[in-house]
Amino acid sequence: MVTILDRMTPEEKRVRHPEKAHRPDTEVLRKPEWIRVKAPTSKGYAETRSIVKDNKLVTVCEEAGCPNIGECWDKKHATFMIMGEICTRACAFCNVATGKPNALDPDEPENVAKAVKQMGLTHVVITSVDRDDLEDGGAEHFEKVIWAIRAASPETTIEILTPDFLKKPGALERVVAAKPDVFNHNLETVPGNYLTVRPGARYFHSVRLLQRVKELDPTMFTKSGIMVGLGEERNEVLQLMDDLRTADVDFLTIGQYLQPTRKHHQVMSFVTPDEFKSYETVAYSKGFLMVSASPLTRSSHHAGDDFARLRAAREKLQAAR
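Numbering-wise, my numbering puts 74 at position 31 of the sequence shown, and it's gapless, one number per residue.
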């Protein structure tokens with residue numbers, strides 16, 4: 044009899060997307076020239092990766108397979124993903140692992156703050172997985188991370204990209220009270236796609252969440268983003284812009300959806316740079332203070348520079364009144 048030793052760790056055995064395993068493979072379209080990026084190899088990238096690993100942190104840059112990771116990490120820009128790397132939702136577009144999350148790490152707020160200080164960040168973006176398993180959806184943890192960064196690096200401006208806190212009364216209010224500089228919550232796609240693309244979320248709940256932020260703190264910058272190439276029609280995107288402006292959202296990002304694996308939602312089209320420019324022009328005409336629309340636009344790409352421009356745009360508007 045031969046005994047075979049199983050040396051795989053539980054993490055290695057775990058299927059990253061168990062809810063997608065039964066789905067048939069979809070065709071992965073060849074990317075056009077305007078979307079291709081170079082593999083990350085720079086010294087700055089390696090240094091950022093070392094800081095992230097040494098502090099036992101998770102980044103959405105890695106977990107979501109962001110195409111801009113080489114550029115951002117070379118400049119010591121990273122988006123920290125708190126509350127673990129396992130999400131309780133199963134969005135059809137997302138490459139973050141789905142399953143039962145681990146317990147919260149009580150040292151994470153201090154570790155994030157330490158990394159922010161080490162990297163000398165003037166602006167930091169903090170996001171998270173969805174934690175529907177927690178009574179407050181992770182609101183208290185967001186609070187602690189914001190407080191820890193303020194204590195360690197008081198000059199750093201803080202942008203948060205939150206889940207929707209669906210069915211978590213009081214959670215949003217708690218996070219807003221912690222006073223981040225920018226409150227971002229992505230709609231991800233047009234409402235007609237929610238059942239297939241973002242089935243665990245509710246479009247109008249997300250719009251209302253953004254509106255509620257401004258009701259709680261009119262001075263706080265709000266931001267939202269979507270992906271295109273998921274089968275949406277142009278008029279649906281324009282209506283979404285109107286919905287966000289009704290909620291007084293300041294900043295809109297629009298980027299190209301890229302399919303992580305053959306089990307994920309298929310790319311229905313590659314939107315051209317000219318089409319992105321058209322969306323940007325229309326969005327500005329509708330009153331957004333800041334718009335970033337391009338194939339490689341992501342929520343936290345160039346976030347620090349964009350925040351400076353956003354603040355300047357508000358000051359210019361206020362001076363004109």
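Glycine included, each C-beta is placed from N, C-alpha and C at the ideal position.
Excluding the 5 residues flanking it on each side, threonine 239 has same chain C-beta neighbours closer than 8 Å at Ala135 and His308, in chain order.
In the DSSP assignment, isoleucine 125 is bridged to Ser171. In the structure shown, valine 159 adopts helical secondary structure according to DSSP, grouped into three states. Assigned with DSSP and collapsed to three states, serine 196 falls in coil, not helix or strand.
Remark: C-beta atoms of arginine 341 and threonine 304 do not approach each other more closely than 9 Å. Assignment of glutamine 282 by DSSP, reduced to helix, strand and coil, places it in the helix class. Residues of the same chain with a CB within less than 8 Å of the CB of threonine 165, apart from the 5 flanking positions on each side, are Glu198, Thr199, Thr200 and Gly347 in chain order. Residue pairing of glutamine 299 in beta bridges, as defined by DSSP: Val271. Below 8 Å, enough C-beta pairs join the segment 139-158 and the segment 187-196 to call them touching: three or more.
With a cutoff of 9 Å on beta-carbon distance, valine 292 and leucine 353 are scored as not near each other.
The C-alpha of phenylalanine 226 lies about 5 Å from the C-alpha of isoleucine 203. For threonine 205 and glutamine 282, the gap between their C-alpha atoms comes out near 23 Å. Restricting attention to Glu76, Lys306 and Asp173, the CA atom closest to the CA of histidine 65 is found in Lys306.
Nearest Cα to isoleucine 129 within the set Thr122, Gly142 and Phe123: Gly142.
DSSP lists Ile269 as the bridge partner or partners of glutamate 231. Relative to phenylalanine 123, the option among Val58, Val334, Leu230 and Ile94 whose CA is nearest is Ile94. Within the model, the alpha-carbon separation for glutamine 302 versus arginine 73 is close to 11 Å. For glutamate 202, the three-state secondary structure derived from DSSP is strand.
Between valine 219 and isoleucine 125, the CB-CB gap reaches or exceeds 9 Å. A Cβ-Cβ distance of about 13 Å is found for the pair glycine 127 and proline 149, leaving them out of contact under the 8 Å criterion. In this structure, the alpha-carbon of valine 139 lies about 43 Å from that of alanine 362. If you check the CB distance, threonine 131 and valine 172 come in under 9 Å. Threonine 265 sits close to alanine 290, with the two beta carbons spaced by under 9 Å. For serine 335, the enclosing beta strand (DSSP E) stretches over residues 333-336.
In this structure alanine 336 does not touch phenylalanine 313 by the C-beta definition: roughly 14 Å separates them, more than the 8 Å allowed.
At the C-beta level, glycine 298 and valine 271 come within 9 Å of one another. Rounded to the nearest whole angstrom, the C-alpha separation of glutamate 358 and proline 261 is 14 Å. When the beta-carbon positions are compared, valine 233 and isoleucine 269 come within less than 9 Å of each other. DSSP, reduced to helix, strand and coil, places threonine 69 outside both helices and strands of the structure shown, so it counts as coil. Taken through DSSP and simplified to helix, strand or coil, threonine 304 comes out as coil. Setting aside the 5 residues that flank it on each side, leucine 147 is surrounded in the same chain by Met126 and His184, each with a C-beta closer than 7 Å to its C-beta; the list follows chain order.
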